[in-house]
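Residue numbers (the UniProt record's numbering): 1 to 373.
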Amino acid sequence: MKKFFDLSNQFKKTSFIGFDLDHCLVPYHIKQLSHSLFDISKQTFEKFEKIKLPKEFKFDFNTCGKGNVFDYKRGNILKIDSEAKVLKARHGSNKVLSSQEIEKEYGSKSLENFTVLPNSNYFLIPTFFHIGLAIWLAKMVDLIDSKFFLKPLSYQNLCEISLHARKYNFRDWNTGFFHEEERKTPEKFFRKNHNHLEFLEFLLKNNKKLFLITDSIPQHCNFLMTEIYGKDWKNFFEFIVYSAQKPKFFFSNTPFESISSSSNKEFIMGNFRDLETSLMKKFPKESKDFIFFGDDLISDITFCKKHTSWKTVAIVEELNENFQYNGDEFWEGSFLRKAKSLKPTFWENLINRYSDYAFPSLEEFYKNIKNSN
């Protein structure tokens, strides 16, 4: 847990509390989710490229973990420090690069053309939702190196292919493989936590006004929230934003679009300024203090902190001392250093710079708040 303000006092004076959806309000079974997203990436490639991948093309949870970066140019998985310099690297899924090889490929400078926004140079893995695709990318590098494909395929081509896979599987409720599997076996993906429901009820009893900002489409959000919080879940919230396009939501002037003529609180896209204005107009006597919870240290935390006056609470499961690391020990420590003598990682730096608070789960935050009241 990281503390930069008095939690009890801040909570008491805060009127508006917002949440991200995935891995925040809705915790997942990480390994099962990653395996499914790997299989879905494989299925999508085979469907559109008309190429059957070999039997040995299998999911390996140890290939990479949350916090890694995939280099599209070189086909490498990277662990980087706070200055975006390479600390560790693995080519494809197997070949560990020596310090001499890292120096030869990357030098001692920050990564060239590195940015946290989506781009064709690097694929960042800021959340558990990205791991399955990253493992698929690494395995594809292995096949490219083995000359498996008759048609020339480069590491760089994987950027466009992976972007298409994400669009196909997440943009529409009735197409793609992900939502179909999610509807069939929801228990395979997410974990029900009754403390989360109790937490939301606790917030309402303390006169907090709640809002939800998710990049997920309305049907996906409604399906998950109904499964976990019940069919009346929308009653918890004063404002619900779907397809928010974070981090753009925090720095653009994109207008809200209503999704229902019968609802005055459900929208897609939009921006934080209009959300603020709407809530404060609806509750003019409330304080102007906002807190936002999210698990994506870039889209939820960094850009929120840079462009708003809100307090940010990062949900980072790795902060739990009993957390079972996803990935082998080679990658361990992307979020917390085992020793202060080691260089701070890129993600640790984001936590320290842009989150006012960091907890392993909403449940832990709730325990602290409840005990302080």
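Glycine residues also receive a C-beta, built at the ideal position from the N, C-alpha and C atoms. The structure presented is a predicted model; accordingly, all values stated were derived computationally and were not measured.
query                                                                                                                                                                                        : result
Hey, how far is the Cα of P360 from the Cα of K147?                                                                                                                                          : 43 Å
Determine the burial state of F4: buried for a count of at least 16 other Cβ atoms within 10 Å of its Cβ, exposed for fewer.                                                                 : The predicted model places F4 with a pLDDT of 49, which falls under 50 and marks its position as unreliable, so this point remains unresolved.
Classify G74 as helix, strand or coil using the three-state DSSP reduction.                                                                                                                  : Correcting the residue type first, residue 74 is Arg in the shown sequence and not Gly. In this structure, R74 counts as coil in the three-state DSSP scheme.
Looking at C-beta atoms only, is the number of pairs between the region 351 to 359 and the region 179 to 193 that lie closer than 8 Å three or more?                                         : no
So, does the region 219 to 232 touch the region 59 to 73, judging by three or more C-beta pairs under 8 Å?                                                                                   : no
At a Cβ threshold of 8 Å, is D274 touching chain D?                                                                                                                                          : Judged by its chain identifiers, the structure shown contains no chain D, having just a single protein chain.
Can you name, in chain order, every residue of its own chain whose Cβ lies under 6 Å from the Cβ of Y168, other than the five neighbours on each side?                                       : T44 and G176
Starting from the C-beta of F239, find all residues in its chain whose C-beta is less than 7 Å away, skip the five residues before and the five after it, and write them out in chain order. : F211, K265, L275, S278 and L279
Going by DSSP, what residue range makes up the alpha helix (DSSP H) through K305?                                                                                                            : F303 to H307
Which stretch, first to last residue, makes up the beta strand (DSSP E) that contains R90?                                                                                                   : V86 to H91
Taking 8 Å as the threshold (C-beta atoms), are V241 and F267 in contact?                                                                                                                    : yes
What is the DSSP secondary structure of V116, counted as helix, strand or coil?                                                                                                              : coil
Can the beta-carbon of L137 be found less than 8 Å from the beta-carbon of S162?                                                                                                             : yes
With DSSP collapsed to three states, give me the class of S162.                                                                                                                              : helix
Taking the continuous alpha helix (DSSP H) assigned at L200, which residues delimit it?                                                                                                      : H194 to K205
Kindly confirm or deny that the region 94 to 113 and the region 34 to 50 touch, where touching means at least three C-beta pairs closer than 8 Å.                                            : no
Looking at the unbroken beta strand (DSSP E) that takes in G18, where does it start and where does it end?                                                                                   : F16 to F19
Would V141 and H91 qualify as a contact pair, given that the criterion is a beta-carbon distance under 8 Å?                                                                                  : yes
On the three-state DSSP scale, how would you describe A358?                                                                                                                                  : strand
Check this for me: beta carbons of E348 and F330, under 8 Å apart or not?                                                                                                                    : no
Could you tell me if N76 is buried or exposed, where buried requires 16 or more neighbouring beta carbons within 10 angstroms of its beta carbon?                                            : buried
Starting from V313, trace the alpha helix (DSSP H) in both directions and tell me its first and last residue.                                                                                : Careful: V313 lies outside any alpha helix (DSSP H), inside the beta strand (DSSP E) at K311 to I315.
Does the beta-carbon of E317 have 16 or more other beta-carbons within 10 angstroms, so that it is buried, or is it exposed?                                                                 : buried
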